[in-house]
Amino acid sequence: MSALFVLIAISLLVALGFLLAFLWATNSGQYEDDYTPSVRMLFEDKPISDDTYRNLNYEKGASKNIKDKKNTQHNKSN
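Read in the working numbering, the sequence shown has 62 at position 12, and its numbers run on one by one without any break.
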């Protein structure tokens, strides 16, 4: 019988812990925006400027351009 009282006390402490965690989460703003993440994939991306696009293409193709220049120079010497 005393084990029953101990288990009830432990379950009440656990429930109180969950209640405090929930209250902390709501007060700190954890549940403020629950709509946007579910529809974020439907939004269009912001367009990037031409300069940024050129820089991205340059970074992606920089090693390719170096290899092409070496091959061009090698072919000219033959």
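In this text, a Cβ means the ideal position worked out from N, Cα and C, and glycines have one as well.
In whole angstroms, what separates the C-alpha of residue 92 from that of residue 76?
Rounded to the nearest angstrom, the two C-alpha atoms are 27 Å apart.
Output the boundary residues of the alpha helix (DSSP H) element that contains residue 99.
Counting along the chain, residue 99 falls outside any alpha helix (DSSP H), and DSSP gives it neither H nor E.
Please classify residue 67: does DSSP put it in a helix, a strand, or coil?
Residue 67: helix per DSSP, three-state reduction.
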